[in-house]
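Protein chains in written order, with this note's numbering: chain X, 771 to 1110; chain E, 771 to 1110; chain W, 87 to 414; chain Z, 87 to 414.
Quick reminder that beta carbons are idealized off the backbone N, C-alpha and C, glycines included.
Note that this is a predicted model, so its numbers are computed, not measured.
First up is the structure itself, then whatever we jot down about it.
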Amino acid sequence: MTQVKEKERKLTIARAMAEAIAQEMRTDDKVFVMGEDIGELGGVFGNTRGLHEEFGGERVRDTPISETAFIGAAVGAASDGMKPVVELMFVDFFGVCFDAIYNMMAKNTYFSGGNVTVPMVLMTSTGGGYSDGGQHSQCVHATFAHLPGMKVVAPSNAYDAKGMMIAAIRDPNPVVFMFHKALQGMGWLGTEKEAIVHVPEAAYEVELGKAIVTRPGTDVTIVGITSGVHFGLKAARILGEQGVSAEVVDLRSLAPLDRDTVIESVKKTGRLIVVDEDYHSYGMTAEIIASVVEAGVPLKAAPQRVAYPDIPIPFARPMEQWALPSPEKIIAAFNKMKED
Amino acid sequence: MTQVKEKERKLTIARAMAEAIAQEMRTDDKVFVMGEDIGELGGVFGNTRGLHEEFGGERVRDTPISETAFIGAAVGAASDGMKPVVELMFVDFFGVCFDAIYNMMAKNTYFSGGNVTVPMVLMTSTGGGYSDGGQHSQCVHATFAHLPGMKVVAPSNAYDAKGMMIAAIRDPNPVVFMFHKALQGMGWLGTEKEAIVHVPEAAYEVELGKAIVTRPGTDVTIVGITSGVHFGLKAARILGEQGVSAEVVDLRSLAPLDRDTVIESVKKTGRLIVVDEDYHSYGMTAEIIASVVEAGVPLKAAPQRVAYPDIPIPFARPMEQWALPSPEKIIAAFNKMKED
Amino acid sequence: MKPSQEQQVWMYRHMLVSRFFEEAIEKIYMEGKTPAFNMANGPIPGEMHLSNGQEPCAVGVCAHLTAEDVVTSTHRPHHVAIAKGVDLKAMAAEIFGKKTGLSGGRGGHMHIFDPKVNFSCSGIIGQSVGPAVGAALSRVMQKKSGVAVAYLGEGAANQGAFHEALNMAGVWQLPVIFVIEDNSWGISVSKRASTAIERNSDRAVSYGMPGEFIEGNDPVAIFDVVGEAIARARNGGGPTLIEIETSRLAGHFMGDGEAYRPAGEKEALQKIDPIPVMKQRLMAEGILTDAADAAFVEEAHALVDEAIQFARDSEYAAPEEAMEKVFV
Amino acid sequence: MKPSQEQQVWMYRHMLVSRFFEEAIEKIYMEGKTPAFNMANGPIPGEMHLSNGQEPCAVGVCAHLTAEDVVTSTHRPHHVAIAKGVDLKAMAAEIFGKKTGLSGGRGGHMHIFDPKVNFSCSGIIGQSVGPAVGAALSRVMQKKSGVAVAYLGEGAANQGAFHEALNMAGVWQLPVIFVIEDNSWGISVSKRASTAIERNSDRAVSYGMPGEFIEGNDPVAIFDVVGEAIARARNGGGPTLIEIETSRLAGHFMGDGEAYRPAGEKEALQKIDPIPVMKQRLMAEGILTDAADAAFVEEAHALVDEAIQFARDSEYAAPEEAMEKVFV
Ligand SMILES: Cc1ncc(C[n+]2csc(CCOP(=O)(O)OP(=O)(O)O)c2C)c(N)n1
Ligand SMILES: Cc1ncc(C[n+]2csc(CCOP(=O)(O)OP(=O)(O)O)c2C)c(N)n1
Ligand SMILES: [Mg+2]
Ligand SMILES: [Mg+2]
């Protein structure tokens, strides 16, 4: 984040997202918002707050509980000159509407040989940790990122959230914008304070598809996204106290995936830990590890993953907290590397 | 395949599947079949042929084009004492009904603490290569295997198809049974002759979650599933002519994933190529590579993947064939390893 | 079909249990969540959808059912679960996430499964209907008795799953009843803003089945209409779609500010709270006396207190038990 | 709304083009696929869904549309595309998978996109409806003229997407027409076996919109009814659901054995093939002469031949161009 620190203006991710959408709506009347409870209510997760008041019900439309219809409609509207920003309230609900997402939104550009574009943003909340049970706590990063034709991004702080939302709205391609509930800055979901950072008032873009080294280091690379970045940063600080210099890479985008930044980092550190709140198998952690080893990067120890186990997310706090990634698990993974 | 070669009785996968279902239906009146065109027509891909004739329309029921309804209904029937075998005609259609699959079928057992079981089989066709375009040619192996609570299996030959279908029907857990169209033995889809093998008449089970070494070798391990196994076997034969001894591992199951068999093989060969007709990123190939390297298996060269590129599947034959995995690409991957 | 006095008393008593249960949950839910409301805290974390006001939908239907009948419900399942006879202690413990809960704490309040009385639910809108149709099919195929009842909200009637399942039930003429609880809100979006017609019961036409709208949030009226439908289903007469006018006396979930509600709506609804309304009616008709009412109230409180105490006293499962029960 | 003579002739001519196009495709499709039928072989590989018999649905609707109106279609799109004015040469080339095709061969026959005339389709059943609703919304929001028409099969009317999209169109009163082509089959499953009621147009009640069923597979009747609906939509009168009785003269796709068809059905349908029927009517009414007909037939053949020749003569894209156009 190369932000110039004028006057500190700390925003939550929720407010940063709403500000980004509002700014684009002011300058581009093709931008509009659709979804459940995104109007008067301002979005269950606050990321459309104020939009209905400013732009009215025509451009900020509450929909029926019909995800297939309104996401399908967004595809049609986007290809007819509009720039819809639609919300899938929880990413866990993708199963009722995924065809509209992965077979239409993501593929129509290709099917038309690039003659039809689908400039839309699908924003959706991810993540658990607050005991919302197995149908309201998932990340399913890899489910989206595995399928071609859509960009998939997921910021870990408000600065990136604003810049990536603006970039997403301006992108002529479909972008899935995932925001993690625990980072959202809604008090009632708990708040990761480090996600609340300075956000410049003027509109700016953060390029999609670029990872960032959030904390430089030399002994081990910790790669994460959304909550994983914050677990990684906390672990890095503890490791720092133990004299271990950990580099933390925030992927920010799952697709396109910035393999170069990860590979550069691991070339330097020789050790790799990948952290993901999404399920373990066939997930982001495997993709990062495979990308590094197939590039032939020399490793000082076997790479490690700290991901969600391959179980539905349990409701009870002790079970859920036990299953989540954590700084402690990252440190344990590092210690395991030392044994190698 | 440790089949005793009594009298050769070669079956296609389609017929092996139908035979397996019929045998279970004869001995267990809880087993029934639901799906589109699985009745009189015998399934678009032949895998229910003869069932309607033998068991009638009550137990072999054509459904409306309502995947959410009939898969949801299968969940309800399975938890009420039945053992539904349902067909999702093309796996590509999962987007219209995935919630019933991944949030109910796969999770209800967990949500009920094991008190409610969902003994059902969801069979579905995968794969391309015959110019059916981007909504009818996908594999999406990883999409299913990434999500917890369901077994995901995919045989590469008729022997396994029969044994795994019987095991799947008898399994008290939900099983997704993927069959690759090019291996199905329906002439009109082309036919991979090596998928048509001897199939014993009596019912037998092939354990789910177990990979198999289909061809032993010492210099390189080629891991594949469905079509990937056949590409691997062809490549192995060509490599054999060049004096390279390639071992081919058929995963057969994506979940549970038999990492041990793969790791044992790579420990022996020191080289790994993973072949998958599913999309490259966040796929099976990454999972296998990550599983091997995190186990600390010493490698003589960086592992390689031969997967479908991250593009929607193009219709035109030259583009599609170019994009598919092939024996040639596997050999090229092996040659690249020699350079390392 | 008129309920007997006994049936009316049964309904009233179960409404009391349901309401007291929700009131207890409401209070406990706030423990550890003040002054700063954070859903993750307290003895009952996560989302909490209370059913206050919707009890008539539960009792008016379930009065016709036995344990062997199947009921599927939604993200707002407590009242229905109670009327269906789900073990109250095990349900309370589940809501607390305890090892003694229905699933040992794996499910939580949106995932109440009690196979002993054939009750289940899903937190995904519209996903109660498919499994109910399947259970009804299973009964027909197994020649076992029993009907299936799927509950859903009026908002869920705009979800594709609804349409598909009702059509399939219509084609196969299955013994299943679809019960829409029309509390006129889907979170903050009104029925009027989300539904192209006034009554979802009119949609029955699309599926070749009878459709009934029941006004007044009245257990007796519900009992009547649903009773016909269930009798028809039991006799092989196929499915029915029923929409019940009811009221959501609480927020969508706990923590809901409800700024979207028109001024006065909540107060007006409170005035027609179905529990006092029923009480008065039973009194007026001489079915209930003050003494009997006091006894029922006490009994209901005792049941709820016992369940809550059981839940509180129970242990959590060991954290690593999270890995169990993915497969059986 | 009666079509003028000119409009009737326009419809007839486009039916001819459509039918000759399918006949040409049918023949070429079989090249390289005998004696052993393998879908992967020949100049046109993959699935092939012909529209023979359904031409009236295409022309009766599209006669009311201009290029700026939006049409979404299905896995069976040729007739509609032709009536909507999709570039025939580029469409033929797409079906052959050539570089000169609408998408350079990336899409194929189930993915016909021509933004010049606002035509698109999806091979997933039911997924034509959402995008049409969105295009209609876009027109309203942009205050641009134009209506949207979504085509779907009668089988698709049992898919959840149908229900959701129609409800949303009803709530928002959008300028969109839903046209169900009822050819009475969804692959091998009959409408009767899959649909709980006889006419999907009756489902309009669920969405607060008019519903019309058009019998007889007659372009003039279709023109009439659809004309009213489109005029209403253009004037802000909201959506309409229309079901058209039509007939599938071919198999579901090429290679379909059609053993599931009742004996004699196909022959009976052939006897009421809408093209000779219309020709006779136009003749009887003095709108068409033998000479004019011969000229139209020749013209249609010429157009088709030219398109097919163009497709044959065109090159394939370089294989590695598969990597392009994923993103723009
Ligand atoms: C498919 C899906 N979409 C959205 C949601 C989020 N959600 C939970 S409850 C709710 C409102 C449901 O309204 P209704 O069906 O009327 O039930 P009520 O809450 O009024 O009981 C919504 C939109 C969900 N759980 N599932
Ligand atoms: C969601 C989905 N389910 C199933 C299919 C497979 N399929 C292709 S065409 C078809 C029949 C469609 O029937 P109908 O809608 O009546 O259209 P018709 O083929 O008669 O033109 C089916 C089931 C599909 N493409 N998409
Ligand atoms: Mg409601
Ligand atoms: Mg049809």
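query                                                                                                                            : result
Residue-chain proximity (Glu250/W, chain E), Cβ-Cβ < 8 Å                                                                         : yes
DSSP state of Tyr1078/X mapped onto helix, strand, coil                                                                          : strand
Within chain W, partners of Thr281/Z - CB distance below 8 Å                                                                     : Asn253 and Val257
Against chain X: residues of the region 873 to 890 of chain E by CB proximity under 8 Å                                          : Asn873, Ala876, Lys877, Tyr880 and Phe881
Terminal residues of the beta strand (DSSP E) in which Phe205/Z lies                                                             : Phe205 to Cys207
Anticipated Cβ contact below 8 Å, Met859/E with Asn817/E, distance rounded                                                       : With a Cβ gap of about 11 Å, Met859/E and Asn817/E do not count as contacting.
Residues of the region 1068 to 1087 of chain X with Cβ closer than 8 Å to any Cβ of chain W, in chain order                      : Pro1079, Asp1080, Ile1081, Pro1082, Pro1084, Phe1085, Ala1086 and Arg1087
Within 8 Å of chain A by C-beta, residues of the region 913 to 944 of chain E in sequence order                                  : Chain labels in this structure do not include chain A; the protein chains are X, E, W and Z.
Chain W residues whose Cβ lies nearer than 9 Å to that of Ala1103/X                                                              : The premise fails here: Ala1103/X is roughly 18 Å from chain W at the closest Cβ pair, so nothing lies under 9 Å.
First through last residue of the beta strand (DSSP E) which encompasses Pro854/E                                                : Lys853 to Phe860
DSSP three-state assignment for Val976/X, whether helix, strand or coil                                                          : coil
Gln245/Z at chain E interface by Cβ criterion, 8 Å                                                                               : yes
Beta carbon proximity, Ala408/W to chain X, threshold 8 Å                                                                        : yes
C-alpha distance - Thr281/Z paired with Gly272/Z, whole-angstrom precision                                                       : 11 Å
Chain W contact for Ala792/E (CB, 8 Å cutoff)                                                                                    : no
Paired residues, beta bridge with Thr991/X - DSSP                                                                                : Glu1017/X and Leu1042/X
Contact set between the region 829 to 855 of chain X and chain W, restricted to residues whose Cβ is under 9 Å from the partner  : Asp832, Thr833, Pro834, Ile835, Ser836, Glu837, Thr838 and Ala839
Neighbour list for Ser1051/X in chain E, Cβ cutoff strictly below 8 Å                                                            : Ala915, His916, Ala1025, Leu1027 and Glu1057
Asn269/W beta carbon near ligand 3 (any heavy atom closer than 7 Å)                                                              : yes
Near-chain W residues of the region 284 to 295 of chain Z (beta-carbon distance less than 7 Å), N- to C-terminal order           : Asp288, Arg289, Val291, Ser292, Tyr293 and Gly294
Whole-angstrom C-beta distance between Pro261/W and Val219/W, which should lie under 8 Å                                         : Their Cβ separation, rounded to whole angstroms, is 10 Å, which puts Val219/W and Pro261/W out of contact at 8 Å.
Any non-hydrogen atom of ligand 3 closer than 7 Å to Gly272/W Cβ                                                                 : yes
Where Met771/E falls: helix, strand or coil (DSSP)                                                                               : In this predicted model, Met771/E has a pLDDT of only 46, less than 50, meaning its place in the structure is not dependable; the value taken from the coordinates is given anyway. In the structure shown, Met771/E sits in coil (DSSP, three-state: anything other than H, G, I, E or B).
Coarse secondary structure for Asp1030/X, derived from DSSP in three states                                                      : helix
Backbone secondary structure at Gly898/X - three-state DSSP                                                                      : coil
Assumed close pair Phe339/Z, His135/Z - CB separation to whole angstroms, cut-off 8 Å                                            : 5 Å
Helix, strand or coil at Pro405/W according to DSSP, with G and I counted as helix                                               : helix
Chain-ordered chain E contacts of Asp807/X [CB-CB under 7 Å]                                                                     : The contacting residues do not exist; Asp807/X stays about 19 Å from chain E at best.
Short Cβ contact (8 Å threshold) for Ala938/E with Leu978/E                                                                      : yes
Gly146/Z versus Ala307/Z: straight-line alpha-carbon distance, rounded                                                           : 8 Å
Stretch-stretch touch, CB-based, cutoff 8 Å, three pairs: the region 180 to 194 of chain Z with the region 391 to 402 of chain Z : yes
Ser1035/X beta carbon less than 8 Å from that of Val1045/X                                                                       : no
Within 8 Å, strictly: CB atoms of Ala247/Z and Gly212/Z                                                                          : yes
Cβ contact (3+ pairs, closer than 8 Å) linking the region 369 to 382 of chain W and the region 1049 to 1058 of chain X           : no
Assumed close pair Asp268/W, Val291/Z - CB separation to whole angstroms, cut-off 8 Å                                            : The pair is not a contact, with the Cβ atoms about 18 Å apart (cut-off 8 Å).
Backbone CA spacing between Leu151/Z and Gln245/Z [nearest angstrom]                                                             : 27 Å
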